[in-house]
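These notes concern the structure reproduced below.
6 protein chains.
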Amino acid sequence: MQGMARPDGRGPSQLRPVTLTRGWSTHPEGSVLVEFGGTRVLCTASVTEGVPRWRKGSGLGWVTAEYAMLPRATNTRSDRESVKGRVGGRTHEISRLIGRSLRASIDLKALGENSVVLDCDVLQADGGTRTAAITGAYVALHDAVGWLAARKALAGKPEKVMHRSVAAVSVGIIAGEARLDLCYEEDVAAEVDMNVVCTGAGDFVEVQGTGEAGVFARDQLDSLLDLAVAGCAELAEAQRKALA
Amino acid sequence: MQGMARPDGRGPSQLRPVTLTRGWSTHPEGSVLVEFGGTRVLCTASVTEGVPRWRKGSGLGWVTAEYAMLPRATNTRSDRESVKGRVGGRTHEISRLIGRSLRASIDLKALGENSVVLDCDVLQADGGTRTAAITGAYVALHDAVGWLAARKALAGKPEKVMHRSVAAVSVGIIAGEARLDLCYEEDVAAEVDMNVVCTGAGDFVEVQGTGEAGVFARDQLDSLLDLAVAGCAELAEAQRKALA
Amino acid sequence: MQGMARPDGRGPSQLRPVTLTRGWSTHPEGSVLVEFGGTRVLCTASVTEGVPRWRKGSGLGWVTAEYAMLPRATNTRSDRESVKGRVGGRTHEISRLIGRSLRASIDLKALGENSVVLDCDVLQADGGTRTAAITGAYVALHDAVGWLAARKALAGKPEKVMHRSVAAVSVGIIAGEARLDLCYEEDVAAEVDMNVVCTGAGDFVEVQGTGEAGVFARDQLDSLLDLAVAGCAELAEAQRKALA
Amino acid sequence: MQGMARPDGRGPSQLRPVTLTRGWSTHPEGSVLVEFGGTRVLCTASVTEGVPRWRKGSGLGWVTAEYAMLPRATNTRSDRESVKGRVGGRTHEISRLIGRSLRASIDLKALGENSVVLDCDVLQADGGTRTAAITGAYVALHDAVGWLAARKALAGKPEKVMHRSVAAVSVGIIAGEARLDLCYEEDVAAEVDMNVVCTGAGDFVEVQGTGEAGVFARDQLDSLLDLAVAGCAELAEAQRKALA
Amino acid sequence: MQGMARPDGRGPSQLRPVTLTRGWSTHPEGSVLVEFGGTRVLCTASVTEGVPRWRKGSGLGWVTAEYAMLPRATNTRSDRESVKGRVGGRTHEISRLIGRSLRASIDLKALGENSVVLDCDVLQADGGTRTAAITGAYVALHDAVGWLAARKALAGKPEKVMHRSVAAVSVGIIAGEARLDLCYEEDVAAEVDMNVVCTGAGDFVEVQGTGEAGVFARDQLDSLLDLAVAGCAELAEAQRKALA
Amino acid sequence: MQGMARPDGRGPSQLRPVTLTRGWSTHPEGSVLVEFGGTRVLCTASVTEGVPRWRKGSGLGWVTAEYAMLPRATNTRSDRESVKGRVGGRTHEISRLIGRSLRASIDLKALGENSVVLDCDVLQADGGTRTAAITGAYVALHDAVGWLAARKALAGKPEKVMHRSVAAVSVGIIAGEARLDLCYEEDVAAEVDMNVVCTGAGDFVEVQGTGEAGVFARDQLDSLLDLAVAGCAELAEAQRKALA
């Protein structure tokens, strides 16, 4: 891939086309189909009154997430984790990342003793599934909070509950070049790749960089962070428009 | 529901609107989004060269199916089977039904030593998910066989491989009235319900009737079968159009 | 098997010898060893006071069933499901069928908040294990209800509790001929096979027909149903005698 | 139970009635229903040609055992281990004991590269299920070896293969008195209980004594061993008669 | 190994060097690193107020044990049981043995409604891991009881709670010679091996002898028991010193 | 903790005392007990000839890691993952991190078709268990490579195999202050915490920062990275000394 253009002709700091379709399914309190190019994730937010036993009486709500992939979301079919009888390490890791990221967006005290489960199911994968999931889940969570507000079921003022927006994007170094929002082909070829979760105000929520196929110097890390912050700002804007 | 019209105003022998969207996702060799009213199932067909060990050298191909529901496909969120660490009885039962039904549509000798896995994932449920899955999976399987034909990877003549079309529909008795293609609200209220799988020629592949909330007489069974055969004929026509 | 007599010389509409031995084991509230020819199933009914949590306070009882096979009940040894760590699809499917069928025989309101588990363990298999299990479990359940009656632990009048008898039989088409109560050798060779559960009054509780190795026309279905209804009537008579 | 007679009126050194019914089921190469009073265990021996991978080419055969209880073999129903998804510690422990004991009875070199699985399923339990299982499994294994001999499938001379008989019995101290072959009621009340496996020649294969509800002195151990050796000799005689 | 000295030059009735290091880790209420030569087991005692649900209101405490091995405690790495998803038979069996043995040392009524879990993790294995575990766990349990005494959380007088000391040792016959405290090399070569748990007063708690690779006569059993009783007395002395 | 000194009186950029004890256990090819203050992890490296099937013939070696905690390594006892029957998300995540980090230290081509499993078992936990594990596992892996070199079993020159050293440390912001190498008490109180893996040359291998209890600005991230790089340099020096 050295010296070559990106597979889809984008510039290095350009996102793929992003769509956020609210209300994609009818049952959940919030549901968003998010697309980052060929990556397509269905994010649903399910509300239940009350919180898990260990949290009862705390006055605080709870938000958790589960990520999964359909078996043929990818180029080669994977066995179902239900059939294997266990959730894999990668799935666990991503579910935990999404949960932590979204909890950063919400004031659990203002939510009150309500629980929200965010299910992020990858229908089609082309790189960046976890970052698309976080970006979409934020909108679904926002809708679920709106649903609670309409029922006057929040402990705090509705506008206080979602106290920060969060969005996420991947960045990486391919053939020595820092690039934003990697597609699958680039992800596989990256020497370094990083997932960054930012707030709408440009602060960091999570930074996860890994150089399995290489190591990276401080200045490379800096340019990756620059790209990611700019990308997240664009995604935050897309979220604002979708929620308008 | 006694003496009342159907929830969506249909006549007793009327199907819900049916759509079969081919090529809904890009990776699988066959992929169909099938909709029976508010029921929405993504059916993908994944081809692999070769067959399971116990079948090697037989000259016969293999077709199998896996059915699953997204956790919030339904009105109330269900726990993921991957998280529970086991596939439930209902899931097992439906996966086996889909597999048997689709194997009736294909000449495994003409398929040659190739395997096809049919994944039927319910994205949204409103009754009849298993019958929609069978109806959609037939079209996805047909496309996967076309993909093999294009690669000259079939043992027999392409037109011999898919030797019968199969489609399926539910029927039931609600408030004493036999009805076709039950939605969820009717399914729950049915005294008797039956799933019927027919070939395009009008023969039966599977008949599964159950009267848990009541028992049924021979003439009731007969009128349910009449409704189902007519419904399957309409679905077979929709499949022909989709594949044209 | 074309044009040949049945392996055991029976006529096409003849049952195998049926025995129902009540009180086969000493601990359970009801226990029956049922034999359909070489098929031998131990059916026990275990009563517990109270119902599962989700049913408490409903005033209704609960009946459920679990089916299993000893590893060497069949010609070739199968691995134990306990050792594999999961219950297989076939086992699940049959357990659910037995549970539904037996719930059709009992008035759960008259039973009151009591639970009965029906364990059907196949000690020796020669075809028709699920139909033998249903037929035997009815007698075991009847005895368990009698046990409750003797303790005055029923909510309704004892004679109201078991409001219908249920029995089951398999039928199939072998070499074009419709036959009743298939043994293993016939089961394997059948083009179509069907399990039918009837009440003592001749109504249907369940009809499950499958044509994996072929498809079947309406008139074939009709003649299979005729055979099954007659077979179930004979089994109902055997149950009456056993309970006399 | 102090100073009282045994629940069934036996003397302290008396076995319960023992029966060994060969050929109880038709499929296995060896099958024995063994009864020690109210304890009833079905022991089957399943032969397969060849040995597990790790033993291939060794010239040695393999014998292993699996023990299990039907859910209502006991006074209170137990959950199935298949449903719980794991084999319990007690089951594991007994299966391993049976396997070791039976391997002591057979010359694995003379058996040649054949495998035998001994399934011991408790149909009804009244104490001593593991010792009944060992005693019955010996006879089933003997029959399976006879089956191999008839097919000339043994590596050594048939009479060399089963080089020792093994039988087992429980003993315990109840209210200070040493007793042979405890029934359930005694087992629960025992201060010390011991399971002893002996050869027909009176040597020990296994000695497992436990004093959870108390401790025991050397002379108590000695009198328990005396009782057990005498009991095993009687059981060995019963095995000889059954095999005659 | 016939006629040869022991691998480490000991006499047949000589223990390996034994060390009992109390307070090896800081968090548990009792923690002991026990070493029998190259065998090294970390025993921790974890106290919780209250008892499991089935024991509530009985006034009795509860003591249970879990044994495990680090994957590379042995010469060849074993797969982790957590990764395999199930606890193996050997692990189960040893955990149960340790639990029973330690319950013999404690007056559960005097303990009151408190629970203690004894975790015995083998850091390095060279034979006799279960007997070292029992010997070390006794000291850890003693410390945990002391911790409860200091908090005045016992139901009975502190000196009544640990009413007996328990220690354990392995013995075996190698090349016809009875030996005490087998190392791994001897364990593998033993014709007969036995694990014996004794109280400080010289009574038996558990006797488990097995002759998988042979059988054993009464006089051999007697000499093994003599060796074991003497070995346990030495270990009881080491426990007394460690607790002084 | 605002404005207060660190619990153990360290300065903000000071590591806890670090020890690396090589050869702590006798069986593994490499074994290191690593201590970061009260955190104590046993790291073993197990070599096997050959590689997993999917890698055969590639000429490349394989290095993988498994992390686990003893149940009472922490202040409150945790249930064993083997008993729960599944590996938790946190365990999975850390095992994967250790594996990736160590693979960055080794030239898998020079290693040749050999496999190394790094087991990192936490014997006592006081914060920073994953970073201690990486730091210790590097030394254990180095010893295992030395073992292979001594057997002339490497594909490349021994000095080429371990082509980079890797070490790891945690950093975090507590009460607004950036601190190095958090102990448990600080870890729980941190607004932001980050784990950083560096090479001996000061490049990054992994950067994982999370602000669940807050978000962090770019300058905060920068000062955390400065601290971490300096800390890793000290650890690299400790590794060099240990290996000298």
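Taken in order, these protein sequences are the chains called A, B, C, D, E and F.
Note that the working numbering has the first sequence beginning at 1, numbered continuously upward.
Note that the working numbering has the second sequence beginning at 1, numbered continuously upward.
Note that the working numbering has the third sequence beginning at 1, numbered continuously upward.
Note that the working numbering has the fourth sequence beginning at 1, numbered continuously upward.
Note that the working numbering has the fifth sequence beginning at 1, numbered continuously upward.
Note that the working numbering has the sixth sequence beginning at 1, numbered continuously upward.
Each residue gets a CB set at the ideal place from its N, CA and C atoms; glycine is no exception.
Legend entry - Alpha-carbon spacing of B/M1 relative to C/F216, whole angstroms: Counting from 1 along the second sequence, the entry for residue 1 of chain B is found at position 1. Counting from 1 along the third sequence, the entry for residue 216 of chain C is found at position 216. Residue placement at B/M1 is poorly supported in this model, since its pLDDT is 46, which falls under 50; the coordinates still yield a value, given next. Each residue's Cα considered, the two are about 35 angstroms apart.
Legend entry - Minimum C-alpha distance to E/T74 - residue among F/R55, F/S25, F/W62 and F/M69: Working through the fifth sequence from its first residue, we reach residue 74 of chain E at position 74. Among F/R55, F/S25, F/W62 and F/M69, the Cα nearest to that of E/T74 is on F/S25.
Legend entry - Below-7 angstroms beta-carbon distance, F/T129 vs any chain A residue: Stepping through the sixth sequence from its first residue, residue 129 of chain F is reached at position 129. Not one chain A Cβ lies under 7 angstroms of F/T129.
Inset, instruction - Return no unless some Cβ of chain B is closer than 7 angstroms to the Cβ of A/H92. - result: Taking the first sequence and counting its residues from 1, one reaches residue 92 of chain A at position 92. No - not a single Cβ of chain B is within 7 angstroms of the one on A/H92.
Inset, instruction - Return the CA-CA distance between E/G176 and D/L20, expressed in angstroms with no decimal places. - result: Your numbering for residue 176 of chain E matches position 176 in the fifth sequence. Your numbering for residue 20 of chain D matches position 20 in the fourth sequence. Whole-angstrom Cα-Cα distance: 37 angstroms.
Legend entry - Distance between E/I134 and E/V41 (C-alpha atoms, nearest Å): Here residue 41 of chain E refers to the residue found at position 41 of the fifth sequence. Here residue 134 of chain E refers to the residue found at position 134 of the fifth sequence. Distance between the alpha carbons of E/V41 and E/I134 is about 10 angstroms.
Legend entry - Coarse secondary structure for C/W147, derived from DSSP in three states: By 1-based counting over the third sequence, the position of residue 147 of chain C is 147. The answer is helix: DSSP assigns C/W147 an H, G or I state.
Legend entry - Ordered list of alpha helix (DSSP H) runs contained in the region 59 to 95 of chain D, each at least 4 residues: 81 to 84
Inset, instruction - For chain B, find out if any of its Cβ atoms is closer than 7 angstroms to the Cβ of A/H27; answer yes or no. - result: Position 27 of the first sequence, counted from the start, is the residue given in the question as residue 27 of chain A. With 7 angstroms as the cut-off, A/H27 counts as an interface residue toward chain B.
Legend entry - Unbroken stretches of the alpha helix (DSSP H), 4 residues or longer, contained in the region 117 to 176 of chain B: 129 to 150 and 158 to 161
Legend entry - Span separating the alpha-carbon of E/C198 from that of D/P71: If you number the fifth sequence from 1, residue 198 of chain E lands on position 198. If you number the fourth sequence from 1, residue 71 of chain D lands on position 71. Between the C-alpha atoms of E/C198 and D/P71 there is a straight-line separation of about 36 angstroms.
Inset, instruction - Determine whether the Cβ of C/F204 lies closer than 7 angstroms to any Cβ atom of chain B. - result: By 1-based counting over the third sequence, the position of residue 204 of chain C is 204. By this cut-off, C/F204 is an interface position.
Legend entry - Touch test, the region 225 to 239 of chain A against the region 164 to 180 of chain A, Cβ-Cβ under 8 angstroms, three pairs minimum: yes
Inset, instruction - Let me know the secondary structure DSSP gives C/M1 once reduced to three states. - result: Here residue 1 of chain C refers to the residue found at position 1 when the third sequence is read from its first residue. Residue placement at C/M1 is flagged as unreliable, the pLDDT there being 45, under the threshold of 50; the coordinate-derived value follows with that caveat. In the structure shown, C/M1 sits in coil (DSSP, three-state: anything other than H, G, I, E or B).
Legend entry - Coarse secondary structure for C/E113, derived from DSSP in three states: Sequence index remark: in the third sequence, residue 113 of chain C carries index 113 (1-based). Coil at C/E113, not helix or strand.
Legend entry - Residue interval of the beta strand (DSSP E) (run including D/V205): By 1-based counting over the fourth sequence, the position of residue 205 of chain D is 205. For D/V205, the enclosing beta strand (DSSP E) covers residues F204 to T210.
Inset, instruction - Assign F/M69 to buried or exposed, taking buried as 16 or more other Cβ atoms, counted over all protein chains shown, within 10 Å of its Cβ. - result: For the purposes of this step, residue 69 of chain F is taken as residue 69 along the sixth sequence, with counting starting at 1. Looking at its Cβ environment, which holds 16 or more other Cβ atoms inside 10 Å, F/M69 is buried.
Legend entry - Whole-angstrom distance between D/E29 and D/D143, CA atom to CA atom: The residue labelled residue 143 of chain D in the question sits at position 143 within the fourth sequence. The residue labelled residue 29 of chain D in the question sits at position 29 within the fourth sequence. About 7 angstroms.
Legend entry - Stretch-stretch touch, CB-based, cutoff 8 angstroms, three pairs: the region 86 to 103 of chain C with the region 3 to 20 of chain C: No: fewer than three Cβ pairs fall under 8 angstroms.
Inset, instruction - Ignore the nearest five residues each way along the sequence and tell me which others in F/G200's own chain have a CB closer than 7 angstroms to its CB. - result: As a working mapping, residue 200 of chain F is identified with position 200 in the sixth sequence. The answer, listed in chain order, is R164, S165 and A236.
Legend entry - Boundaries (first-last residue) of the beta strand (DSSP E) holding D/R22: Against the fourth sequence, residue 22 of chain D aligns to sequence position 22. Start and end: V18 to R22.
Inset, instruction - Would you give the residue range spanned by the alpha helix (DSSP H) that B/C43 belongs to? - result: Against the second sequence, residue 43 of chain B aligns to sequence position 43. Where B/C43 is concerned, there is no enclosing alpha helix (DSSP H), although the beta strand (DSSP E) it sits in stretches over T39 to E49.
Inset, instruction - Determine which residues of the region 221 to 240 of chain D have a Cβ less than 9 angstroms from any Cβ of chain E, and write them out in chain order. - result: L221, D222, L225 and V229
Inset, instruction - Per DSSP, which residues does A/D193 bridge with? Please list them. - result: Position 193 of the first sequence, counting from 1, holds the residue named residue 193 of chain A. Per DSSP, A/G172 and A/T210.
Inset, instruction - Would you mind telling me which residues of chain B sit closer than 8 angstroms to A/Q124, beta carbon to beta carbon, in chain order? - result: The residue labelled residue 124 of chain A in the question sits at position 124 within the first sequence. Going along chain B in sequence order, the residues near A/Q124 (Cβ under 8 angstroms) are S25, T26 and H27.
Legend entry - Proximal residues to C/P158 (C-beta, below 6 angstroms), its chain only, five neighbours per side dropped: Counted from its first residue, the third sequence places residue 158 of chain C at position 158. Excluding positions up to five away in sequence, the list reads A149.
Legend entry - Burial state of E/W62 (16 or more Cβ within 10 Å): In the fifth sequence, counting from the first residue as 1, residue 62 of chain E sits at position 62. Looking at its Cβ environment, which holds 16 or more other Cβ atoms inside 10 Å, E/W62 is buried.
Legend entry - Start and end residues, alpha helix (DSSP H) containing E/L227: If you number the fifth sequence from 1, residue 227 of chain E lands on position 227. Taken as a continuous stretch (DSSP letters only), the alpha helix (DSSP H) holding E/L227 covers R218 to L243.
Inset, instruction - Kindly say whether F/T39, judged by its beta-carbon, lies nearer than 7 angstroms to any beta-carbon of chain A. - result: The sequence position of residue 39 of chain F within the sixth sequence is 39, counting from 1. Not closer than 7 angstroms to any Cβ of chain A, the Cβ of F/T39 fails to qualify, so no.
Inset, instruction - Mind checking who B/C198 pairs with in its DSSP beta bridge? - result: Position 198 of the second sequence, counted from the first residue, corresponds to residue 198 of chain B. Paired residue(s): B/A167 and B/F204.
Legend entry - Simplified DSSP state of D/G11, which is helix, strand or coil: On the fourth sequence, residue 11 of chain D is found 11 positions in, with the first residue counted as 1. In the three-state reduction of the DSSP assignment, D/G11 falls in the coil class.
Inset, instruction - Check the DSSP bridge columns for C/S31 and list the partner residues they point to. - result: Residue mapping note: residue 31 of chain C aligns to position 31 of the third sequence, counting from 1. Residue pairing for C/S31: DSSP places it in a beta bridge opposite C/T44.
Legend entry - Backbone CA spacing between D/P17 and D/V116 [nearest angstrom]: As a position in the fourth sequence, residue 17 of chain D is number 17, starting the count at 1. As a position in the fourth sequence, residue 116 of chain D is number 116, starting the count at 1. Computed Cα separation, rounded: 29 angstroms.
Inset, instruction - For F/D193, count neighbouring C-beta atoms within 10 Å of its own C-beta (all shown protein chains included) and say buried if the count is 16 or more, exposed if not. - result: For the purposes of this step, residue 193 of chain F is identified with residue 193 of the sixth sequence, where counting begins at 1. Label assigned to F/D193: buried.
Inset, instruction - Identify whether D/R179 lies in helix, strand or coil by the three-state DSSP scheme. - result: Start at 1 with the first residue of the fourth sequence, and residue 179 of chain D comes out as number 179. In the structure shown, D/R179 sits in a strand (DSSP, three-state: E or B).
Legend entry - Minimum Cβ-Cβ distance from C/T21 to chain B less than 7 angstroms: Walking along the third sequence from the start, residue 21 of chain C turns up at place 21. Put simply, the CB of C/T21 is far from chain B, with every gap to its CB atoms at 7 angstroms or more.
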